[in-house]
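In my numbering, the protein residues as written are -12 to 53.
The beta carbon of each residue, even a glycine, is placed where N, CA and C say it ideally should be.
Below is one structure, written out as structure tokens; comments come after it.
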Ligand code: SF4
């Protein structure tokens, strides 16, 4: 099981174009305040969430094992 965290201070969706939500639309949304939102915070397998984390230009996404 993994836990996904978004650092809202670091997230700048207006600059990156919402990259995480494009790479992993099943679990990421961009809210009206231009910050990323994780739909399922706890997941059994990483799937595309890992791709989103690695692609984030501001290192705003972190994933830890539970
Ligand atoms: S890729 Fe990073 S900076 Fe861009 S919207 Fe997602 S979390 Fe925010």
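Check whether the Cβ of residue i sits closer than 7 angstroms to any heavy atom of the ligand SF4, and report yes or no.
| i | result |
| --- | --- |
| residue -1 | yes |
| residue 43 | yes |
| residue 50 | no |
| residue 26 | no |
| residue 17 | yes |
| residue 11 | no |
Would you please state the rounded distance, in angstroms, between the beta carbons of residue i and residue j? I believe it to be under 8 angstroms.
| i | j | result |
| --- | --- | --- |
| residue 39 | residue -2 | Contact flag wrong, Cβ pair sits at about 12 angstroms. |
What's the call for residue i, buried or exposed, on a 16-neighbour Cβ count within 10 Å?
| i | result |
| --- | --- |
| residue 26 | exposed |
| residue 6 | buried |
| residue 36 | buried |
Suppose the cutoff is 7 angstroms on Cβ atoms and the five residues either side in sequence are ignored; what does the same chain contact list for residue i look like?
| i | result |
| --- | --- |
| residue 8 | 15, 16, 17 and 23 |
| residue 11 | 35, 36, 38 and 39 |
Skipping 5 residues on each side, what residues in its chain have a beta carbon closer than 6 angstroms to that of residue i?
| i | result |
| --- | --- |
| residue -5 | 22 |
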